[in-house]
Amino acid sequence: MPNSAPIGIFDSGIGGLTLAHAITELMPQENIIYFGDTAHLPYGDKSATAIQAYSVKICNLLLEKNCKLILIACNSASAAAYDLVKAYVGTKAKVVNVIDPVIAYLDQNWQNKTLGLIGTKQTVNSGIYANKAEALGKNIQVKSLATPLLAPMIEEGFFSNSISDHIIKEYLAQPTLQGIEGLILGCTHYPLIKAQIDAYYNGSISVIDTSIIVAEEIKRILTSEDMLHRGQESSRQFYVSDYTDSFEKSTQIFFGEAIKLTQYPIWD
């Protein structure tokens, strides 16, 4: 696999563009292929079996595009399908999820602490963050709360306003999240409301933006495997399984700039 081969990124929709943007900011020379499964979003309320089927189908596309690394840029898919995807891809590409880099970060920085986590129902019900944190043996407790209204709220552009402030406050005030010392943003949408969450806590706890942690881990992997692209020019391609004008208009919310989405109906 040449170093110029692209990084493949997939998510249930366009929320994973926050991760694509973080990767582009950190490694602007890397080529990117992004796939958003907008035909099946959200993954958060899908069964593990359905998510696994979608993930394998998308990986076929990314392998056809000769991706050197595949990032599962979705917490729900990372929880439900990572092991299957890793086995399916085999040695054809590196596979990274959005959970293990965060667990490694907790291992190094959060021993003997109590953390909160907000995410989709699928991510929270899987218990994957809490179980992996406990397995570290560092006395790290993760108290998880499903926050299903946040992702669609952000998708519709309702953030940084009174409506989103009210919903965010209602969730963060839940008893589950009392007594925490840090909060993990367990969904790729949530970096967009980090400022509002910070404002709610007024500096009393640390809000952990996982997109930065994952981007840094990908750079570490590519560096250690001598897979970094050393060219000066880079390309970015963005595909969705179901195209609408509203999806394309919303990309600026997640990526920080307008981008062109191409429909790629892999479900035909």
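Each number in our numbering comes from the position in the sequence shown (counting from 1) with 1016 added on.
No residue lacks a Cβ here, since even glycine has one placed at the ideal position from N, Cα and C.
What does the alpha-carbon distance come out to for the pair residue i and residue j?
i	j	result
I1170	K1148	28 Å
I1224	Q1194	17 Å
F1175	T1054	21 Å
T1139	D1214	22 Å
A1096	I1067	7 Å
A1089	I1030	10 Å
F1270	I1023	18 Å
L1161	T1130	14 Å
E1186	E1241	45 Å
A1191	Y1206	In the sequence under discussion, the amino acid at residue 1191 is Pro, which differs from the Ala named in the question. Each residue's alpha carbon lies about 20 Å from the other.
T962	S1142	Because the chain spans 1017 through 1284 in this model, residue 962 falls outside it and cannot be assessed.
L1133	K1159	6 Å
D1258	T1040	24 Å
G1202	N1091	7 Å
Q1248	V1105	29 Å
L1042	I1183	32 Å
A1093	G1219	31 Å
Please go through the same chain and pick out, in chain order, the residues whose beta-carbon is closer than 7 Å to the beta-carbon of residue i, but skip the five residues on each side of it.
i	result
Q1127	K1154, N1155, I1156
P1164	G1060, T1136, K1137
Y1121	I1229
T1260	none
D1123	L1152, K1154
Could you check what DSSP says for residue i in three-state terms: helix, strand or coil?
i	result
L1077	helix
N1019	coil
V1111	strand
S1220	coil
D1116	helix
I1025	strand
P1289	Look at the range of the chain in this structure, 1017 to 1284, and you will see that residue 1289 is not part of it.
E1241	coil
I1234	helix
L1152	coil
I1030	coil
D1123	helix
State the beta-bridge partners of residue i as determined by DSSP.
i	result
T1130	Q1157
A1162	G1135
Enumerate in chain order the residues of its own chain whose CB-to-CB distance from residue i is below 6 Å, with the five nearest sequence positions on each side excluded.
i	result
I1275	F1254, T1267
Y1145	L1133, V1158
Just to check, is the beta-carbon of residue i closer than 7 Å to a non-hydrogen atom of the ligand NAP?
i	result
A1069	Annotation note on the ligand NAP: not contained in the displayed structure, which lists no ligands.
Give every residue of the same chain whose Cβ lies closer than 8 Å to the Cβ of residue i, excluding the five residues on either side of it in the sequence, and list them in chain order.
i	result
N1013	The shown model of the chain, from 1017 to 1284, leaves out residue 1013, and the question about it has no answer.
L963	In the structure as shown, the chain begins at 1017 and stops at 1284. Residue 963 is therefore absent and cannot be evaluated.
Segments of 4+ residues assigned as alpha helix (DSSP H) that fall wholly inside the region 1034-1100: As far as the region 1034-1100 is concerned, its whole alpha helix (DSSP H) runs of at least 4 residues are 1064-1080.
field: Entirely enclosed beta strand (DSSP E) segments - the region 1171-1218, minimum 3 residues
entry: List check, beta strand (DSSP E) in window: 1198-1202.
Secondary structure, beta strand (DSSP E): runs of 3+ residues fully inside the region 1243-1279: Every beta strand (DSSP E) stretch that sits fully inside the region 1243-1279 and reaches 3 residues is listed by chain position as 1252-1256.
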